[in-house]
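Enquirer:
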Amino acid sequence: MIQELFIAALLFFGAGFVLPLAVRSDRRIVRTASYACTILASVLLGIPAIAVLLGSGTVIFPAYAPAGLFSIAFVIDRLAAFFLLLIAVVSACVALYAIEYSEHLDGGSRRNLLCGCTSLFILAMVLVVASANTLSFFFFWELMAAASFFLVMYEYDQPATSRAGIFYFIMTHLSTVFVMLGIILLWLGSGSFALDHLADTPSYLATGSFLALFTGFAIKSGIIPFHKWLPYAHPASPSPISALMSAVMLKVAVYGLLRFLLDVFSPELWWGALILVFGTASAVLGVIYALKEHDLKAMLAYSSIENIGIIFMGIGLYIVLGTAGLPFLATIALLGALFHSLNHALFKSLLFLTAGSVIHATHTRDIEHMGGLVHRMPKTGALFCTGALAIAALPPLNGFASELLLFIAFFESVTVVEPLVKVFLFLCLALFALTSALSAACFVKAFGSVFLGMPRSPESAGAHEVPALMLAGPGILAAACVVLGLFAFQVLTIAGFTIPVMPDIFLIGLLLLMMLVLTYAVAFFASPRTSRVSGTWGCGTHFQEAGTEYSGHGFSEPLDIIFSPLYRTRIRNERTFFDEHGAIFKSGTAEIRLLRVFEEYLYLPVARQFYRIAGAVAKIQNNCLDTYMLYVFVTILTLLVFLGWSA
Amino acid sequence: MIESAFVAGLVRVLFVCIIITAVYIISARNLLSIVSVYAVQSLTLVVIALLLYLLEGAPVLIAIAAITFASKVLIIPYFIATIQEKIRIKRDIQFHFLSPTSSLFVSMGLMLLVYIVLERVMAATGDRDNLFFFGAVLGISLMLMGMMVTFSRKRALTKILGFLSMENGVLLFGLFVTELPFIIEFLIVIDLIILVLLTTILTVGLDSTLEDYHKRLHRFHLWEDEVEVR
Amino acid sequence: MIILIFAILSALTLAGILLSRNHRQMNTVCIAQSVTFALMACWILLAGQLPVYRISIGSPYFFIDHLGLYEVLISTLIFTCAALYARGYVAGLLDSGELEKGSLRLFYIAWAVLLAVLVLAFFSDNLALFWIFAELTTIISAILVAILSARDNIDAAIKYIFIASTSMLFSFVGFIFLFETSRVVTGTGTLNWTELLLAAHAFPPIMATAAFVLVFIGFAAKSGIFPFHTWLPEAHAKAPSAVSAILSGVLLNVGIYGIIRTYAIVNQAGAGSTASFLLALFGVLTIGIAAFSMIPQKNLKKLIAFSSVENMGIILVGLAVATPVAIFWVLFHIMAHSLTKASLFFSAGILHRQYKSPLSSEAVDDIRDVFVYQPLAAWGIIIGGLAIIGMPPFPIFVSKVFIMLQLGTASPLVLGTVLVLLFIAAVAFGYFIITMFRKRSRPGRDTDLVPYRTPVSMKVPIIVLLFILLVAGIVFTTGEVSFIQSIITELKFT
Amino acid sequence: MSLDFIIYLIINTAFILLIAPLFAGLIRKVKAWTQGRQGPPVLQQYYNLAKLFRKEIIYSPHASWIMRATPLVNMAAIMVAALFVPLVFVPEPVGGIGNIILFLYLLALARFFMALAGLDAGSSFGGMGSSREMSIAAIIEPTTIIVFAALAIVFKSFNIFVMFASSAATGALTTPTIILIGISLFIILIVETSRIPVDNPETHLELTMIHEGMILEQTGRNLALMELSAAVKLTLLMALMINLIIPAGLAVTLTAAGIFIAAILFILKGSLLAVIIGLFESSMAKKRFFQLPSLFAMAFFFSTLIIIIEVFA
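Residue numbers (our numbering), protein chains in the order written: chain A, 393 to 1039; chain B, 10 to 239; chain C, 68 to 561; chain D, 43 to 355.
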């Protein structure tokens, strides 16, 4: 039954892919049908995922092994089922949203391609997660990369998109190279593609393989310093796609790392420390960069980097604690990482979708041009607020629940582990707390600048609430955020993990509600129920304008200054003078902008080096026959010498 | 019957002749004389083939001598000389990478190198055939010397002669391996002739003066901007 | 017999071309020739008990074994597609005057002869005969390159001829070495592949190595291995696209075919390690040079040509590993690369017709609004590009992965290098496509483009090839696998 | 949930609501005295609240539901947080109540809404307050968590109830680390409750204000709720400090006498602490905003020191 459902889901995803490409006419019905297939497929996928998750046992599918050369095989165990569930939930909501959203995009029949590729993309991710061996994992990994690349390139003629596309293409391909290297090294070690535990493999192969795979997955999931494609690709792609990529594709990379760590390797302490360090760096730097960002979607992208960092911290902690002989705490850390993956998928897709609605309504991504939308788009506002609360890890929402697990793991572990590790863990803990608090600041800024105050642009003033279909998808996600937050304890218990130190958030929720009602009751009965509206107090000014409001930039200014060593600015002056001595100023331009540290000190220098080599190599092809013949001559001589030498 | 040692001595003398012609081809500037020298070189090969026939008595050598004579002494030099008159180029005075003198030294070095390499390679086999070895050294040296012409001279016609000189090297080598089926030799020559004809025709496009060239090209829209019909 | 039939068919084709009065007729004759050849090859495949030796073929110089038939199958398939493509493409060349009316007959004669010569080359059992046919393919394809008669084309053709032919002379010397060695070993010299392979185990390794090195020089030049590759980008970029497809999809295989055969012999002689070293060295260098050359490329066809060079490097590296699995995937890669590259050149040809890019080597493609004017070609390039950089579900993905896997067993260091280089090549390809295809024309500033109405005959080959690729990447039949495996058995790579 | 616990909920909530304004008033009085003024009566806070409760509410035209919801959410969150810190009686913890992380995040919830409300009316003062509040909260967070982690090490638990119980059992000032923890906790208290040198709770119009800026647009009973919640929060953090460092008298069993004594003692101890806070505030000048990180760095250093001492001792 589970098998059939899964296969049916795959078929429906396939139908969602083929349909809009086969019927090329630019009609809404085609796209709606495609998205309907995707939603149906997601629902069908969700059922087996839940069944397996609840313990109906691992499902093994017959492998496709053409002529015995290799095999493409699928298996759904609980880990896979968990990620399948994640994909299913987010995909269904995103597709629901996209039905309406894609109709408002430009591009004519290109939109068919968009929804087709969306289906293919989800299908590829499902198959990556369900893969039973490294080869099929890699196969669908590549397919996923290709499909997502097309999705990113939707608005291909925009300069920003093409830059994003190049970044994404390069980084994703780099990730492929590393994953491939890792898989090959693994094969060298074990001689098979199976995802089985490595036994008696030379440790250098295992370590090499781990490092390669880790790098590959880190690139794909946007771990600093490989993160740069995220803040380019997310803003450039349509919002549902950003949501899918950020919420799901990054998690597939996390899944990859987990799958290999859990099933294949026997991790060592320093592996965990490595993952923990990279995770912490990503978490802290990600949120700090997010604070500085005023492109709404780029900010969300940086926030994804932060959250992936948190997930990696969980994984690293799992390994550190596991190797330190604390299996129970390790499990808590792992649960935290997994749960945070799910939660991040939920609230980040919620945020991206609502951000998409906002951008659709205001035609800008710059939060400085928004404001006051809570009056014009109240439902979207409420949904975004839920997402913001969740991502800021505030109780009783789900973001808090998963971070709480990690905090518990950190706190408990420090009472038992050896001293040096303990101090290291403490530093990570402190940074983790910083991350969490900064992300709250970041989302106060986001929600405040976008939705509160006065509109800061005519577009923002004229915005309208989006249609119901564009609220339904985010609505489900928001509900899921609340439910998973409130019932986190119960959900974990049902899943078979009882954690005594974990507070029952539902109880806290009840208490909160009780206090709320109590306060309201007291206020309601004890004080007059009248209120009136009067202008905001402006310290004596006659009128109040949007220009006097606190802007997003202003909001993050204090943190900017505090973290100024991390935000280096670059100032560029170009002046021309009338005279030679530079005394009489003629004209000039000046520019001040944020230094893109990783881009300018890591990516571009490397790219320039390659370009330089390429320039040198290009000189070989100098279009002159004589030179070519000389190469041949010299090579022949060299070969002759080699021959004589080897004889 | 002529004494075989005498014949072998004669062959050696002719080998030296071939080397001298090759050197001349590398360093000469007058195109017509290069063509003549090439004809002489080919003729020397014909003579060598005939002498070897005297030595070994393989009838295939006579056939080879005949077709070599026909193709390389008569047809090809004649053809090239005709083309060369048509495109009105008499001299090729530009040298690339190598000047005439330095190319002489390089050729000496090449022969030495080839000798050492082949000596080592064949020493390992133990049962090396003296004549085969000798032919290999000379043949490959001749090829390399011919090749030097192809990259050190500017005119494509000279390059073709260099290539032909290389081919002579192969033939020289082949002469010592008489078991090669004649049909193969024959096909090779056919192949060579086609090659030379084609290359020469193509060369007309490259080596002819600009006016000739324009006449050929003004029919194509591709070059319309530059090529106004005069 | 079979060879005779091929010869008769070719003669008929030539007669047909000579009798034809216009372009359509000549083209139809050529298509018919390719289709018949392809059908013949299929018939041999299905009916004949391979390998077929001299008795049934009717000449001591020819034989048909699995490798030869494999190459012929690939070649005839590509020729069929290319001939169909040429129907529209050459008509376009004639209309724009890039091809003279007078040269048309020569073009088709050369085309038909090239196919015939190729088939003969792959079916020849005799080394020297093979060498002659290989030389002939150079000459004839040079005619096809030079047929446009622009100075640049002549230039490219001359480069092609010079580099390939001079190097091929060294191959011939290598063959004489093999001949001499076999004479010493067995008493009677032979130039037949089959006999050499049988006798090879007794060859002195150093002689075999020497022969291999010399043979390699020529066939490396033929297949565009660094540093003999210099002719390739220019010839491929300047040739008419139908011809480029053949150059890249078929003619490069001739060189690789020669290398594989000789390598098998050397491998038998016990000198495999030196040969492997050379192959790996040249393979890595080739991939590297090609990858770096692709980065600053501004011309689509040149980029695709460099990608061919890169793939030849991969094939060499795979050969160097020399395990049966590696050889298997190398053979598969040859097929995959040929088909992919042909489809890429076909698409590039459509773009070339649309945008009239000059054929000179420094030309920069001026591609604008590509999805508006030529959506099929654009998607052909994109999908073909994905296929060529090894994305699933296309066949190069599988062959690349397995070749790399086998390379890992030989040397992880080389593996790492090759992976990095392949990454660079893929990035260069992607970079080019992204930057080229995103351009839109600015109203008022760019001259208006006249949409080129792409004939159906130019579209069909692209779609057919992409479809075949898609299937070939996913479906592996046992017949196909055992066929390739019998090649390996025949070459004695065990 | 036992009866004890329900009684605890009622007692604790009622007690903290009752005494919270007292301490706030006391601090003001002390500050006035040191400045040579007579100052408002100690009970002035109670009068203020009562008066505000009777006033009508004025909303800005730009204000949204955030403005209306914030006082309630803020109050509710602080009151739930208040349940986490037993003032006079420590029962057995139930369902994770007392979890130190949850406690911190409940405060964060209140702060989040308060900051949003600051931005809601479109006033530049509110925005400035929100911005600074969130910034300070963020950079003090590592210190806070390290201090609590140190507490967790010392008391082998991260439940406040368990900590209080064990400190009550051992008496007071058992280890030197507790003193260090006390210093850090004091800094956290100052920061969290917006006092000098971090913020000046007395001003409304200085550009330095933080907390007061945020609630500038609040009026009537909303303002009353905000003020009350601020006072409750102050009391909470004071209680945390008091009951960890000088837990004497803290009741661990439910008896009327015990609770009564504990309450009296708590008020005394609290008053003492309030006086200390008042004196501390008076002896300090408000620091420039961007000098604050160095203060926090000091606190962080202290707390890390505790950890290192605890770990390696």
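Positions of the beta carbon are idealized from the N, C-alpha and C atoms, including for glycine.
Looking at the structure shown, is Y456(A) part of a helix, part of a strand, or coil, going by DSSP?
Expert: Y456(A) falls in the strand class under three-state DSSP.
Enquirer: For a cutoff of 8 Å on Cβ pairs, would you count A493(C) as touching chain A?
Expert: Yes, its Cβ sits closer than 8 Å to a Cβ of chain A.
Enquirer: List, in order along the chain, the chain A residues whose C-beta lies closer than 9 Å to that of Y324(C)?
Expert: Near Y324(C) there are no residues of chain A at all, since even the closest Cβ is about 21 Å away, more than 9 Å.
Enquirer: Going by DSSP, what residues sit across from D687(A) in a beta bridge?
Expert: Partner(s): D758(A).
Enquirer: Considering only C-alpha positions, which residue in the set F399(C), I371(C), A158(C), L173(C) is nearest to I551(C)?
Expert: Taking only the C-alpha atoms, the option nearest I551(C) is F399(C).
Enquirer: Flag this pair as touching only if the region 836-843 of chain A and the region 144-160 of chain D have three or more C-beta atom pairs under 8 Å; answer yes or no.
Expert: Counting Cβ pairs under 8 Å, three or more are found: they touch.
Enquirer: Short of 9 Å Cβ to Cβ, which residues in the region 150-179 of chain C face chain A?
Expert: Listed by position, the residues of the region 150-179 of chain C near chain A (Cβ gap below 9 Å) amount to none.
Enquirer: Mind pulling the chain A residues with CB within less than 8 Å of I529(C)?
Expert: The contacting residues do not exist; I529(C) stays about 16 Å from chain A at best.
Enquirer: Since V644(A) meets chain D, which of its residues come closer than 8 Å, beta carbon to beta carbon?
Expert: What V644(A) touches in chain D: nothing, since even the nearest Cβ is about 30 Å away.
Enquirer: With 16 as the cutoff for other CB atoms within 10 Å, does K168(C) come out buried or exposed?
Expert: The residue is exposed, with fewer than 16 neighbouring Cβ atoms inside 10 Å.
Enquirer: Out of I309(D), T277(D), I351(D), L91(D), which has the shortest C-alpha to C-alpha gap to S348(A)?
Expert: An answer regarding residue 348(A) cannot be provided, because it is not within the stretch 393 to 1039 covered by chain A.
Enquirer: How about S226(D) and S313(D): do their beta carbons lie closer than 8 Å?
Expert: No, Cβ-Cβ distance for S226(D) and S313(D) is not below 8 Å.
Enquirer: My output table needs one value for S308(C): the three-state DSSP class, helix, strand or coil.
Expert: Note: S308(C) maps to helix in three-state DSSP.
Enquirer: Do L51(D) and L125(D) have their CB atoms nearer than 8 Å?
Expert: Against a cut-off of 8 Å, the Cβ pair of L125(D) and L51(D) comes out as a contact.
Enquirer: If you draw a straight line from the alpha carbon of L536(C) to that of E183(D), how long is it in whole angstroms?
Expert: If you take the alpha carbons of L536(C) and E183(D), they lie about 58 Å apart.
Enquirer: Could you tell me whether the region 518-529 of chain C touches the region 407-415 of chain C, where touching means 3 or more Cβ pairs closer than 8 Å?
Expert: The region 518-529 of chain C is in contact with the region 407-415 of chain C.
Enquirer: Looking only at its chain, what residues have a beta carbon closer than 6 Å to the beta carbon of R420(C), apart from the 5 residues adjacent to it on each side?
Expert: Answer for R420(C): G159, Y519, listed in chain order.
Enquirer: Evaluate L219(B) with the Cβ neighbour count: other Cβ atoms within 10 Å of its Cβ, from every protein chain shown; 16 or more gives buried, anything less gives exposed.
Expert: At L219(B) the pLDDT is 44, less than 50, meaning the model places this residue with poor confidence; the figure from the coordinates comes in the next sentence. Exposed: under 16 other Cβ atoms inside 10 Å.
Enquirer: Assign K467(C) to one of two classes, buried (16 or more other C-beta atoms within 10 Å of its C-beta) or exposed (fewer than that).
Expert: It is buried - the Cβ of K467(C) has at least 16 other Cβ atoms within 10 Å.
Enquirer: The alpha helix (DSSP H) that contains S478(C), what's its start and end?
Expert: Neither: S478(C) is in no alpha helix (DSSP H) and is coded neither H nor E.
Enquirer: Whether or not the region 129-149 of chain D and the region 919-928 of chain A are in contact is what I'm after, with contact meaning three or more pairs of Cβ atoms, one per stretch, closer than 8 Å; do they touch?
Expert: No, the region 919-928 of chain A does not touch the region 129-149 of chain D.
Enquirer: Can you give me, in chain order, the residues of the region 444-463 of chain C that have a beta carbon less than 9 Å from any beta carbon in chain A?
Expert: Within the region 444-463 of chain C, the qualifying residues are I449, L453, I456, G457, M458, P459, P460.
Enquirer: With 8 Å as the threshold, decide whether the Cβ of A982(A) is near any Cβ in chain B.
Expert: Output row for A982(A): interface = no.
Enquirer: By alpha-carbon positions, which one of I455(C), I273(C), F560(C), Q335(C) ends up nearest to L1035(A)?
Expert: Answer by Cα proximity: I273(C).
Enquirer: Just to confirm, is the Cβ distance from A67(B) to S174(B) under 8 Å?
Expert: Contact flag unset, no.
Enquirer: Which value, in whole angstroms, describes the spacing of the CA atoms of G452(C) and A477(C)?
Expert: So the two alpha carbons sit approximately 29 Å from each other.
Enquirer: So is the beta-carbon of I195(D) under 7 Å away from any non-hydrogen atom of the ligand COA?
Expert: The ligand COA is not part of this structure, which contains no ligands at all.
Enquirer: Could you give the first and the last residue of the continuous alpha helix (DSSP H) run that contains E202(C)?
Expert: Looking at the DSSP string, the run of the alpha helix (DSSP H) that includes E202(C) is 194-213.
Enquirer: Per DSSP, which residues does F977(A) bridge with? Please list them.
Expert: Answer is F969(A).
Enquirer: Can you tell me whether DSSP reads T55(D) as helix, strand or coil?
Expert: DSSP places T55(D) in helix when its eight states are reduced to three.
Enquirer: Check the Cβ of D896(A) against every Cβ in chain D and list those closer than 8 Å, keeping chain order.
Expert: The contacting residues are G137, G138.
Enquirer: Within 10 angstroms of its Cβ, does E534(A) collect 16 or more other Cβ (buried), or is it exposed?
Expert: Label assigned to E534(A): buried.
Enquirer: Can you give me the C-alpha to C-alpha distance between T261(C) and T607(A), rounded to a whole angstrom?
Expert: Their backbone Cα atoms lie some 49 Å apart in a straight line.
Enquirer: Is it right to say V1033(A) is buried, meaning 16 or more other beta carbons lie within 10 angstroms of its own, or is it exposed?
Expert: Answer is exposed; the Cβ neighbour count stays below 16.
Enquirer: Relative to the alpha-carbon of L603(A), which residue among L577(A), I711(A), V1009(A), T772(A) has its alpha-carbon at the smallest distance?
Expert: The candidate whose alpha carbon is nearest that of L603(A) is L577(A).
Enquirer: So, using beta-carbon positions, are A217(C) and A304(C) closer together than 8 Å?
Expert: For A217(C) and A304(C), no; Cβs fall outside 8 Å.
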